[in-house]
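Under my numbering, think of the first position of the sequence shown as 5, with each following residue one higher.
Glycine included, every Cβ here is placed at the ideal spot set by N, Cα and C.
For clarity, every value in this text was computed on a predicted model and none was experimentally measured.
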Amino acid sequence: MKALAVLIVSLVSFQTFATGSVYCESKNAEFTIEASVARMYGNPVIGDIYITLKGESIILNKEQLVNYWSDADSLKMLILDDNFNLPRVKLEAKRTFLRDTQKGIVTIDDQEFKIICTY
């Protein structure tokens with residue numbers, strides 16, 4: 005009986021490593037960004053970052069993501085270029101009235117887009 009209780013407690017106490025995603029797009033769909041995240045404290049990015057810019061697909065390595073902040077109220081990303089020298093993508097979004105939606109601005113290659121983000 006004790007062994008069963010220990011087994012149940014240990015199974016319940018393990019953290020779940022589920023995944024989710026962050027998805028942002030501009031109203032006219034000229035810009036989209038998507039990244040897979042772990043559903044744990046801080047929602048860390050766990051894979052490549054996929055961007056569509058005016059129909060062109062761009063895949064950025066997660067190592068290029070040098071600044072990332074994600075919580076219930078805001079989402080921020082700073083992604084460097086392929087040479088890790090200059091910022092290529094800067095994203096800042098804040099929570100709206102709807103709980104799972106954030107609105108903000110992204111700058112990529114000197115172009116700026118208003119975006120809506122969902123989790």
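What does the alpha-carbon distance come out to for the pair residue i and residue j?
i      : j      : result
VAL70  : ILE109 : 18 angstroms
LEU90  : GLU38  : 21 angstroms
LEU194 : GLU96  : Since the first residue shown for the chain is 5 and the last is 123, residue 194 is missing from the structure and cannot be characterised.
LEU57  : ASP77  : 26 angstroms
GLU67  : ASN47  : 16 angstroms
GLU29  : SER40  : 15 angstroms
ARG99  : GLN106 : 4 angstroms
ARG92  : TYR27  : 18 angstroms
List the residues that DSSP assigns as beta-bridge partners of residue i.
i      : result
THR111 : LYS94, GLU116
GLU60  : LEU57
GLY24  : VAL41
THR100 : In DSSP, THR100 forms no bridge with anything.
GLU29  : THR36, ILE120
GLN106 : ARG99, CYS121
Terminal residues of the continuous beta strand (DSSP E) containing residue i?
i     : result
PHE35 : 35-42
LYS80 : 78-84
ASN65 : It is not in any beta strand (DSSP E) - ASN65 carries neither H nor E in the DSSP assignment.
Evaluate residue i with the Cβ neighbour count: other Cβ atoms within 10 Å of its Cβ, from every protein chain shown; 16 or more gives buried, anything less gives exposed.
i      : result
ASN32  : exposed
MET81  : buried
ILE74  : The residue asked about is misnamed: residue 74 is Ser in this sequence, not Ile. Per the 10 Å Cβ criterion, buried.
PHE35  : buried
PHE117 : buried
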